[in-house]
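J.: Quick one: structure below, then a few questions.
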Amino acid sequence: MKILNFGSLNIDYVYAVPHFVAAGETLSSDSRGVFCGGKGLNQSIALAKAGAEVYHAGCIGAEGGFLVDALRGAGVDTRYVKTVSEPCGHAIIQVNVEGNNCIVLYGGANEAITTDYADEVLKDFSAGDWIILQNEINVTPYVAHAAKAKGMTVVLNPSPYNARIEQISLDDVDYVLVNETEGKMMSGGMTSPDDILSGIAARHPGIKTVLTLGGDGSVYCGDGVRVRQGIVPVKVVDTTAAGDTFTGYFIAEMSNGTDAATSLKVAAAAAAIAVSRPGASPSVPTREETDALVRTL
Ligand code: RIB
Numbered sequence: 093m094k095i096l097n098f099g100s101l102n103i104d105y106v107y108a109v110p111h112f113v114a115a116g117e118t119l120s121s122d123s124r125g126v127f128c129g130g131k132g133l134n135q136s137i138a139l140a141k142a143g144a145e146v147y148h149a150g151c152i153g154a155e156g157g158f159l160v161d162a163l164r165g166a167g168v169d170t171r172y173v174k175t176v177s178e179p180c181g182h183a184i185i186q187v188n189v190e191g192n193n194c195i196v197l198y199g200g201a202n203e204a205i206t207t208d209y210a211d212e213v214l215k216d217f218s219a220g221d222w223i224i225l226q227n228e229i230n231v232t233p234y235v236a237h238a239a240k241a242k243g244m245t246v247v248l249n250p251s252p253y254n255a256r257i258e259q260i261s262l263d264d265v266d267y268v269l270v271n272e273t274e275g276k277m278m279s280g281g282m283t284s285p286d287d288i289l290s291g292i293a294a295r296h297p298g299i300k301t302v303l304t305l306g307g308d309g310s311v312y313c314g315d316g317v318r319v320r321q322g323i324v325p326v327k328v329v330d331t332t333a334a335g336d337t338f339t340g341y342f343i344a345e346m347s348n349g350t351d352a353a354t355s356l357k358v359a360a361a362a363a364a365i366a367v368s369r370p371g372a373s374p375s376v377p378t379r380e381e382t383d384a385l386v387r388t389l
């Protein structure tokens, strides 16, 4: 069983700020860091560090070689990553003193993926393999449908949520990982966690949902069960990529046959370590670090 992550690769420019810049304000930052990022890349690194066999597909510009190096360094197979004429995708990220962020994305090469390239990648995968998708590339609806048609298990993290997500048929999706905002959209406007999960299940019978609740942890709903997991408290430094770390570890566990309760616990521990460190992909913990924290829970 292989896991294909068809997703974004970004250069993250991270600015430490006293508060998020307001309309009309010019704000000096306290520092700037340049990191490997992109929800796709971050999730691939988390999957690989968790121990999964993961292949990353996506596009970079000529300046993106260090993104591929970071994937390789974490153990991700990068044979499918393609260099195109557009510049790399990038993110401008403000991190405030509480460690929270706000992000402006530039899609660049992530938005220049062709369906021919997608078909070329997918021909090497088949029924029994898993695929994980986010919404930072232009062909997510096409790839979800094509992967499902091949019998792959399709995982969707519909982030960032925008009109393109509405083009994806959730009949093509086996697992969806959402925050409360995304869950509200996918459940037809529900707001409480239980109503969001019931709403998604009613609209898409058979789909397995993970709802992340920030400081209130996460809930899994699937196979007729609901499993809850609290957060692991840590001092927050930077929340960037905490969700990606959670997603990568959770899917690595589930695809390996681990039960949902244990998968949520491992994912919560990995995400806790990620928020205690700066940056996106550099904050993703190793398997050993994660297991050591899990043993204390
Ligand atoms: O989820 C965090 C990621 O979102 C960052 O790495 C940034 O690139 C944006 O894609």
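Under the numbering used here, think of the first position of the sequence shown as 93, with each following residue one higher. Using N, Cα and C, we set each Cβ at its ideal position, and we do this for glycine too.
How about residue 280 and residue 295: are their beta carbons less than 8 Å apart?
T.: Cβ atoms of residue 280 and residue 295: closer than 8 Å.
J.: How would you call residue 194, buried or exposed, if buried means at least 16 neighbouring beta carbons within 10 angstroms?
T.: Label assigned to residue 194: exposed.
J.: With a threshold of 7 Å, establish whether the CB of residue 333 neighbours any heavy atom of ligand 1.
T.: Yes, ligand 1 has a heavy atom inside 7 Å of this Cβ.
J.: To the nearest angstrom, how far is the alpha carbon of residue 261 from that of residue 299?
T.: Roughly 12 Å separates the two Cα atoms.
J.: Using a Cβ distance threshold of 8 Å, determine whether the stretch 161-180 contacts the stretch 144-153, with at least three qualifying pairs required.
T.: Yes, since at least three Cβ pairs between the stretch 161-180 and the stretch 144-153 fall closer than 8 Å, the two stretches touch.
J.: Report yes or no: do the stretch 352-371 and the stretch 156-164 share at least 3 C-beta pairs separated by less than 8 Å?
T.: Result no; under three Cβ-Cβ pairs closer than 8 Å.
J.: Compare the Cα-Cα distances from residue 319 to each of 303, 252, 325, 196 and report the closest residue.
T.: Measuring from the Cα of residue 319, the nearest candidate turns out to be 303.
J.: Does DSSP put residue 105 in a helix, in a strand, or in coil?
T.: Strand at residue 105.
J.: Any heavy atom of ligand 1 closer than 7 Å to the beta-carbon of residue 372?
T.: Checking the Cβ of residue 372 against ligand 1 gives yes.
J.: Looking at residue 336 and ligand 1, is the gap between the Cβ and the nearest heavy atom below 7 Å?
T.: For ligand 1, at least one heavy atom lies less than 7 Å from the Cβ of residue 336.
J.: Determine the extent of the beta strand (DSSP E) in which residue 267 is found, giving its start and end residues.
T.: Here the beta strand (DSSP E) through residue 267 covers 267-270.
J.: Distance check for residue 222 and residue 347, CA to CA, integer angstroms please.
T.: Taking the straight line joining both Cα atoms gives about 8 Å.
J.: Along the chain, where does the beta strand (DSSP E) that runs through residue 300 open and close?
T.: Note, residue 300: beta strand (DSSP E), 300-304.
J.: Just to check, is the beta-carbon of residue 230 closer than 7 Å to a non-hydrogen atom of ligand 1?
T.: Every heavy atom of ligand 1 is 7 Å or more from the Cβ of residue 230, so no.
J.: Mapping the DSSP letters down to three states, classify residue 119 as helix, strand or coil.
T.: The answer is coil: DSSP assigns residue 119 none of H, G, I, E or B.
J.: Determine whether the beta carbon atoms of residue 122 and residue 113 lie at a separation below 8 Å.
T.: Going by C-beta atoms, residue 122 is not nearer than 8 Å to residue 113.
J.: Please report the straight-line C-alpha distance between residue 235 and residue 210, rounded to a whole angstrom.
T.: For residue 235 and residue 210, the distance between alpha carbons rounds to 7 Å.
J.: To which residues does DSSP link residue 154 through a beta bridge?
T.: Per DSSP, none; premise fails for residue 154.
J.: Using three-state DSSP, classify residue 198 as helix, strand or coil.
T.: Residue 198 falls in the strand class under three-state DSSP.
J.: Keeping to the same chain, check which residues put their C-beta closer than 6 Å to that of residue 339; ignore five residues upstream and five downstream.
T.: So the list reads 135, 249, 269, once near-sequence residues are dropped.
J.: Hey, residue 181 and residue 200: beta-carbon distance below 8 Å or not?
T.: A contact, by the Cβ cut-off of 8 Å.
J.: Can you find a heavy atom of ligand 1 that lies under 7 Å from the Cβ of residue 197?
T.: At least one heavy atom of ligand 1 is nearer than 7 Å to the Cβ of residue 197, so yes.
J.: For the candidate residues 341, 103, 137, 323, whose alpha-carbon lies nearest to that of residue 166?
T.: That would be 137, whose Cα lies nearest to the Cα of residue 166.
J.: When every heavy atom of ligand 1 is checked, does at least one fall within less than 7 Å of the C-beta of residue 188?
T.: No, the Cβ of residue 188 stays beyond 7 Å of every heavy atom of ligand 1.
J.: Helix, strand or coil, according to DSSP, for residue 335 in the structure here?
T.: Reduced to three states, the DSSP call for residue 335 is helix.
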